[in-house]
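Numbering (this note's numbering), first residue to last: 30 to 431.
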C-alpha cells in the first residue's frame, strides 16, 4: 500500500483549501469570552475567544476594526462574525473576524455605556458644571437639520411663546459619519462669535442609529466646553443620549426645548397685569392718604384763619413768657435766701465775731497762735489782737493751770 507523504506546507495548504470550501466555516458567528486582547501598531486586533472547555484564536484586521462602535475588553462576552481557516505559517486554525458585537446587547448600547462611564469619571456630567438658562434670552441659537420637522416645531413654538426673541439657525447634518464633527463645530463657532444667549442642540426622533451622532464624544466635549448654556433636545422622551447628560438642561423633545428656552408671553402678560394692579392699588392708597392729610391741613385753624391762629399763638407765647419770668424770679429769690443763710452761718463762725465780745488773740513773733500758757516763754515778745486793734507785750510771768 502506497502512502502519500506530504510536507507541512502541503498539509497546511490542503487543510486551508478544505476549510475555505466549507460553507459553514466561510461565514459563521461564534459566541465566547474575550481574553488576551491586544491592538498592535498596525491597527490589527488579536484576541482569543473561549468558553468553558475550548479556545479559538481570532484576528480582526484594521479595516474591519475601524467599524467597531465599542472598545473590546478582556472578559467581555461577544459574538464574533467571520470565517475560519488555517494560518499556514503556524499550522493553526483561527477566526478572521469581520464584525464583533456584545453578546446580549447591541454594540451601540455597549459603546454608549462605555462612553457614558468614561465621561462621567471625567466630570462632564457634574451638576456643579451646569449653567443656568437665561430667563429672557434675546437670541436663541438652534443647531439641527434645516430639513427636519423639529426645526419647524421649535420655530412655531418660539414665535407663539416669545416672539420678541431672535432665532439663529445653524444647519448641520444630524446623522451619518460627518454629523458629529459638524454639530461640534457649530457649537464651537457659536461660542467663538457669541451668537446666542442659549443654544438648542438636537433633532427629532429616530432609531438609536439615527440618534448616534449625539452619543459621540466630540459633541459631548463641545457641549461641556460651551460658555453658552446648552439645551439638549434629542428624539422623544424615552430617548436618552450622551448629549442629554452633558447639557445644562435636557428637554424631552425639541418642542419641549423651545418651551424651556423662553418664557410664555401669556404668563408674562398675566404677571405684568398683576404688577400693574399692585402698583395702581399702592398708588391709590398713597393718594388717599395724601388726601386725608391735605383735608386735615385745610381744616386746621392756621389755614382757616391765619390771623386768629397767630393771635392764639401770641397769647400762648405771652403766657409762657409770664410763666418763665415767674419761675425765674422764684429761682432768684430762693438762691438769695440760701446765700443769706450761708453768710449768717459764716459770720457766726468768724473769729472776728468772738473778738467783739472782749476776747483777744495772742500770737508769737512768727505769727503762730499761742493757745495755752505753756506755749509762752518768759521774756518772749507776743502780739495781742483785740477787736479794734493790736499791741505788743513782753511776757514777764506765766501761770500754767494744773
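Think of the CB as a built atom: it goes at the ideal place given N, C-alpha and C, for glycine as much as any other residue.
Where do the ends of the alpha helix (DSSP H) carrying residue 240 lie?
Looking at the DSSP string, residue 240 is not in any alpha helix (DSSP H), and its letter there is neither H nor E.
Is the CB of residue 257 under 8 Å away from at least one CB in chain E?
Chain labels in this structure do not include chain E; a single protein chain is all it has.
Assuming residue 259 contacts residue 289 under a Cβ cut-off of 8 Å, what Cβ separation, rounded to an integer in Å, is found between them?
With a Cβ gap of about 12 Å, residue 259 and residue 289 do not count as contacting.
Please determine, among 351, 150, 407 and 89, the residue with the shortest C-alpha to C-alpha distance to residue 113.
When each option's Cα is compared against that of residue 113, the closest is 89.
Jot down the residue ranges of each uninterrupted alpha helix (DSSP H) in the region 322 to 349, minimum 4 residues, whole runs only, in chain order.
Taking only runs of at least 4 residues, the alpha helix (DSSP H) segments lying wholly in the region 322 to 349 are 330 to 333.
Strictly by DSSP, which residues pair up with residue 130?
Paired residue(s): 108.
Can you name the start and end residues of the alpha helix (DSSP H) that residue 103 belongs to?
Taken as a continuous stretch (DSSP letters only), residue 103 belongs to no alpha helix (DSSP H), as it is neither H nor E.
Using DSSP bridges, identify the partner residues of residue 57.
Residue 57 is bridged to 111.
Ordered along the chain, which non-local residues of its own chain (more than five positions away) have a Cβ less than 7 Å from that of residue 265?
The residues are 234 and 282.
State the CB to CB distance for the pair residue 105 and residue 131, rounded to an integer number of angstroms; the pair is presumed to be in contact (CB under 8 Å).
Right, their Cβ atoms sit about 7 Å apart.
Within 10 angstroms of the Cβ of residue 35, are there 16 or more other Cβ atoms? Answer buried if so, exposed if not.
Answer is exposed; the Cβ neighbour count stays below 16.
Could you pull the DSSP bridge partners for residue 62 from this structure?
Answer by DSSP bridge pairing, in chain order: 79 and 106.
Is the region 178 to 186 touching the region 212 to 224, taking contact as three or more C-beta pairs under 8 Å?
With a cut-off of 8 Å, the region 212 to 224 and the region 178 to 186 do not count as touching, because too few Cβ pairs lie within range.
Give me, in chain order, the residues of the same chain whose beta-carbon lies closer than 8 Å to that of residue 161; leave out the 5 immediate sequence neighbours on both sides.
Hits under 8 Å: 258 and 277.
In whole angstroms, what is the alpha-carbon distance linking residue 338 and residue 358?
The straight-line gap from Cα to Cα measures roughly 30 Å.
Does the structure place the region 192 to 200 close enough to the region 140 to 159 that three or more beta carbon pairs sit under 8 Å?
Judged by Cβ distances under 8 Å, the region 140 to 159 makes no contact with the region 192 to 200, as fewer than three pairs qualify.
With a 10 Å radius around its C-beta and 16 neighbouring C-beta atoms as the bar for buried, classify residue 173 as buried or exposed.
When all chains shown are included, residue 173 counts as buried.
What number of angstroms, rounded off, separates the C-alpha of residue 62 from the C-alpha of residue 138?
Cα to Cα, the separation comes out at about 18 Å.
Between which two residues does the beta strand (DSSP E) carrying residue 85 extend?
Run containing residue 85: 84 to 89, per the beta strand (DSSP E) assignment.
Going by the DSSP bridge assignment, what does residue 261 pair with across the sheet?
In DSSP, residue 261 forms a bridge with 230 and 279.
Check whether the Cβ atoms of residue 110 and residue 84 sit closer than 8 Å, and answer yes or no.
Not in contact: residue 110 and residue 84 (Cβ atoms no closer than 8 Å).
Kindly indicate the opening and closing residues of the alpha helix (DSSP H) around residue 40.
Start and end: 37 to 50.
Can you give me the Cβ contacts of residue 60 inside the same chain, cut-off strictly under 7 Å, excluding the 5 residues immediately before and after it?
Cβ within range, chain order: 108 and 132.
Could you tell me which of 374, 237 and 279 sits nearest to residue 98, measuring between CA atoms?
Looking at the Cα atoms, 237 is the closest of the given residues.
Using the three-state DSSP reduction, which class does residue 192 fall into: helix, strand or coil?
Reduced to three states, the DSSP call for residue 192 is coil.
Hey, how far is the Cα of residue 78 from the Cα of residue 252?
Near 38 Å, if we compare the C-alpha coordinates of residue 252 and residue 78.
Can you find the residues in the same chain that come closer than 6 Å, C-beta to C-beta, to residue 391, ignoring five residues on each side of it along the sequence?
The residues are 399, 411 and 413.
Can you tell me which residues form a DSSP beta bridge with residue 414?
According to DSSP, residue 414 bridges with 390 and 419.
Report the three-state DSSP secondary structure of residue 73 (helix, strand or coil).
Looking at residue 73 - three-state DSSP - the assignment turns out to be coil, as it is neither helix nor strand.
Residue 398 bridges to which residues according to DSSP?
In DSSP, residue 398 forms a bridge with 392.
Determine, using beta carbons only, whether residue 91 and residue 71 come nearer to each other than 8 Å.
For residue 91 and residue 71, yes; Cβs fall inside 8 Å.
How would you label residue 119, buried or exposed, when you count the other beta carbons within 10 angstroms and need 16 or more for buried?
With fewer than 16 other Cβ atoms within 10 Å, it is exposed.
Could you give the distance in angstroms between the alpha-carbon of residue 268 and the alpha-carbon of residue 164?
Taking the straight line from one Cα to the other gives about 26 Å.
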